[in-house]
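Participant: Taken in order, these protein sequences are the chains called E and U.
Under the numbering used here, think of the first position of the first sequence as 11, with each following residue one higher.
Under the numbering used here, think of the first position of the second sequence as 15, with each following residue one higher.
Glycine included, every Cβ here is placed at the ideal spot set by N, Cα and C.
First the structure, then my questions, so here it is.
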Amino acid sequence: MSNRPGLPRHSFAKAGAAAVVLLAAFFVADLPQLTDHVAAQTAAAKQIPRMPDGKPNLQGIWQVRNRAAYNIEDHHARLNMPAGRGVVEGGAIPYQEWALKKRDENFANRYKEDPFSKCYMPGVPRIMYIEFPFQVFQSSTHVAMAFEWTNVHRLIYTNGSKPVQGIEFWMGDSRGRWEGDTLVVDVTNHNDKTWFDMSGNFHSEALKVTERYSLIDADTMRYEATVTDPKVFTRPWKMSMPIYRVKDVDRIFEYQCVAESEEADGTFHREPKTWYPK
Amino acid sequence: MSRMEFRMQHSEFRTVVRLALGVALVAVLAIGDAFAQDAPPPPPRGRGAGAAGQAGPGGGRGRGGPEAGPIRRLPDGKPDLSGFYNGNGRGANYGLENHPTQGLTPGGQGIIVDPPDGKLPMQEWAKAELASRQTPARGYDDPTAHCIMAAGVPRAFYVPSPFFIMQTPTDVAVLFERMAWRRIPIDANRKHLPDNVRLWQGDSIGHWEGDTLVVDSTNFNGKPWLNEAGEITSHALHVVERFTPVNATTIMYRATLTDPIVYTRPFTIEVQLIRDPEGEMLEVACHEDNQDLQHMKDVKDAGTGLK
């Protein structure tokens, strides 16, 4: 039997009691381990980088790995458009009847009409899931998002300030706050000129977007955007997707959309005396 | 005048300047267009501009600097550069040298502090190229006329447009309202990119020397112009910038440019970056509403006999 000190050996009753005690001892002895195990699982979820002020640290280089850039709804493959699952919760966007027709027109005219293909600023939320990375810089008062695509950026105020009044922006006005470990950003002051994707999904200037950024673990964040636009949709709706940390690069570069398209079509041309020769 | 109005004037300003220099018939037509957009020319800069600023006289060439005072610091003791700023370019976007107001082009006191004569030490070919860039037809060739918004190094700090500095222990990121941004990693051990990787804003590496952030940048693609006057840099450009906070609201910004293709020796410019505690990031949508480029193309085509 056990060599544990103090265990009785000479009576069944005592042995029975001992077994109970032993079991209890075993259980008690293992309890901290069990607790550790559960705690470790919880900790895996909670092992997220944090700022000195305790807020989640969102800094780093990030990019989606989905096909939302092409169409935020489920879609099959077409020329220059790989198939993909949608990111809209519940499947379809709840368009008003006229707006669904308009979306279908946009889709038919997408090569000509997509503002993104004209190098216009993509707006929010579209900039978050195009196929280019972005880098986050964070302080206690601001979160800056710097995008590779055409050097576009967003400055999200987390200092309690209020939106600018009466000015529409291509990239909206972003005011954030922390709800627990989630960064919640109200994006307002949109214009009516941006789309949600390459498939003509659209909105009006009445658009309001509420974004939620939550770190699932150190290298993954859950991105949610609740979209409200009573001129175009029958009710608010939500898109949701993971965004992944890009770990194999230490910087992101520049894709100057206007420069690349105008160099390609000859509108902006090489100056051999000063440009890098290649 | 509100800041928005001020900026609108500047966004229209290039058109007005170029058109004033342009071929008469096209210019007249196009000026009509430009003024139809309700953009009166901004007040002339130059001699009077320093007195109007809050930060006192400019820092260059014996005019005396801003008053020294306590600077803001981070918990780790490093200077805190963060905030919303305007560069006091003193006309540098229309010429780095001292230059008079010409027509609608604002004058400027010059921001070159070395060489001591305040002149760009240009090679002979560069003088000819600059003269060519200053003909009306070449206005079209300034990348910012095409709304390629990465104004470049150091131009982004003296164009008349504000910017926001975001500072972390490992990075300084600058968000320019003219919709461009630049990252400066602070890491003395970081290496520049291989020579064959070229960028509009180059590859920047920062380190602290006392209270000065020193930034070394290479790997430029040679495409940006230094200003609307067409002053020149090439892909051989190497820039060393020094950001030195001198009080709670002013950073002295110095940049030494070495470019052996264009210049006979390095030269150094100096401007003040002035913090605006009330500042807010707005948005310049240049390409999305570019009215200038077609006007400039008209001038170019008229000037070169294409139209």
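(1) What does TRP285 (chain E) touch in chain U if you count any residue whose Cβ is under 7 Å from its own?
(2) Is the distance from the Cβ of TYR223 (chain E) to the Cβ of MET251 (chain E) below 8 Å?
(3) What residues in the stretch 233 to 261 of chain E bring their beta carbon closer than 9 Å to a beta carbon of chain U?
(4) Just to confirm, is the Cβ distance from ALA194 (chain U) to ALA159 (chain U) under 8 Å?
(5) Are any of the Cβ atoms in chain U nearer than 8 Å to that of LEU193 (chain E)?
(6) Is there at least one Cβ from chain U nearer than 8 Å to ALA39 (chain E)'s Cβ?
(7) Compare the beta carbon distance of GLY124 (chain U) and VAL167 (chain U) with 8 Å and say whether it is the shorter of the two.
(8) So, does the stretch 98 to 116 of chain U touch the stretch 286 to 301 of chain U, judging by three or more C-beta pairs under 8 Å?
(9) Considering only the alpha carbon of each residue, which of E:LYS203, E:TRP159, E:ALA228 and E:ASN211 lies closest to ASN116 (chain E)?
(10) Please report the straight-line C-alpha distance between PRO293 (chain E) and ILE71 (chain E), rounded to a whole angstrom.
(11) Comparing C-alpha positions only, which one of U:ASN241, U:HIS221 and U:ALA140 sits nearest to PRO174 (chain U)?
(12) Just the chain E side, please: which residues come within less than 7 Å of GLU357 (chain U) by C-beta, in chain order?
(13) Please give the ranges of any beta strand (DSSP E) in the stretch 140 to 204 of chain U, keeping only runs that are unbroken, at least 3 residues long and fully inside the region.
(14) Under a CB-based cut-off of 8 Å, is MET180 (chain U) close to chain E?
(15) Closer than 9 Å between beta carbons: that is the criterion. Which residues of the stretch 114 to 143 of chain E meet it against chain U?
(16) Cβ of HIS142 (chain U) less than 8 Å from any chain E Cβ?
(17) Residues of chain A with CB closer than 8 Å to the CB of GLU264 (chain E), please, in chain order.
(18) Counting only Cβ pairs nearer than 7 Å, list the residues of chain U close to GLU272 (chain E).
(19) Of the residues E:VAL162, E:ASN67, E:GLU215 and E:VAL256, which one's Cα is nearest the Cα of CYS300 (chain U)?
(20) Determine, using beta-carbon pairs with one atom in the stretch 202 to 213 of chain U and one in the stretch 109 to 122 of chain U, whether at least three such pairs fall under 8 Å.
(21) Flag ARG289 (chain U) as yes if its beta-carbon sits less than 8 Å from any beta-carbon of chain E, otherwise no.
(22) At a Cβ threshold of 8 Å, is LEU134 (chain U) touching chain E?
(23) Go ahead and pull the three-state DSSP assignment for ILE137 (chain E).
(24) Determine whether the Cβ of HIS163 (chain E) lies closer than 8 Å to any Cβ atom of chain U.
(25) List the residues of chain E that ALA187 (chain U) touches, going by C-beta distances under 9 Å, in chain order.
(26) Tell me, please, whether the stretch 253 to 270 of chain E touches the stretch 63 to 77 of chain E by the rule of three or more beta-carbon pairs shorter than 8 Å.
(27) Kindly indicate which three-state DSSP category LEU33 (chain U) falls into: helix, strand or coil?
(28) Along the chain, where does the beta strand (DSSP E) that runs through GLU223 (chain U) open and close?
(29) With distance defined between alpha-carbon atoms, name the residue in E:PRO173, E:ARG113 and E:HIS213 nearest to GLY133 (chain E).
(30) Excluding five sequence neighbours on each side, which residues of the same chain lie with their C-beta closer than 7 Å to the C-beta of GLU143 (chain U)?
(31) To the nearest angstrom, how far is it from the Cα of MET266 (chain U) to the Cα of ASN102 (chain U)?
(32) Let's test the definition: count the other Cβ atoms within 10 Å of the Cβ of SER171 (chain E) and tell me whether it reaches 16, buried, or not, exposed.
(33) With ASN201 (chain E) and ASP183 (chain E) assumed to form a contact (beta carbons below 8 Å), what rounded beta-carbon distance in angstroms separates them?
(34) For GLU294 (chain U), which residues in chain E fall below 7 Å Cβ to Cβ?
(35) Near GLU99 (chain E), what residues of its chain come up, given a Cβ to Cβ distance below 8 Å and the 5 sequence neighbours on each side ignored?
(36) Tell me the DSSP secondary structure of PRO66 (chain E) in three-state form.
Facilitator: Looking at the atomic coordinates:
(1) Chain U residues near TRP285 (chain E): ASN235, GLY236, LYS237 and HIS249.
(2) No.
(3) Listed by position along the chain: ASP260 and ARG261.
(4) no
(5) no
(6) Any reading at ALA39 (chain E) needs caution, since the residue's pLDDT is 46, under 50, leaving its predicted position unreliable; the model's value is listed next. No, its Cβ sits nowhere closer than 8 Å to a Cβ of chain U.
(7) no
(8) yes
(9) E:ASN211
(10) For residue 293 (chain E) there is no data in the structure shown, the boundaries of chain E being 11 and 288.
(11) U:ASN241
(12) A question about residue 357 (chain U) goes unanswered here, because the residues of chain U that appear run from 15 up to 321.
(13) Here the runs fully enclosed are 177 to 181, 185 to 190 and 194 to 199.
(14) yes
(15) PRO125, LYS128, CYS129, TYR130 and MET131
(16) A small correction: the amino acid at residue 142 (chain U) is Ala; His does not occupy that position in the sequence shown. Not one chain E Cβ lies under 8 Å of ALA142 (chain U).
(17) You won't find chain A in this structure, because its protein chains are E and U.
(18) HIS160
(19) E:VAL162
(20) no
(21) no
(22) When Cβ-Cβ separations below 8 Å define contact, LEU134 (chain U) makes no contact with chain E.
(23) Helix, per DSSP.
(24) yes
(25) GLN145, PHE147, ALA154, ALA156 and HIS163
(26) The stretch 253 to 270 of chain E is in contact with the stretch 63 to 77 of chain E.
(27) Residue placement at LEU33 (chain U) is poorly supported in this model, since its pLDDT is 38, which falls under 50; the coordinates are not used for a value here.
(28) 217 to 223
(29) E:HIS213
(30) ILE246
(31) 10 Å
(32) exposed
(33) With 8 Å as the limit, ASN201 (chain E) and ASP183 (chain E) do not qualify as a contact, their Cβ atoms being about 11 Å apart.
(34) The answer, in chain order, is VAL174.
(35) Closer than 8 Å at the Cβ level, and outside the excluded window around GLU99 (chain E), lie TRP247, LYS248, MET249 and SER250.
(36) strand
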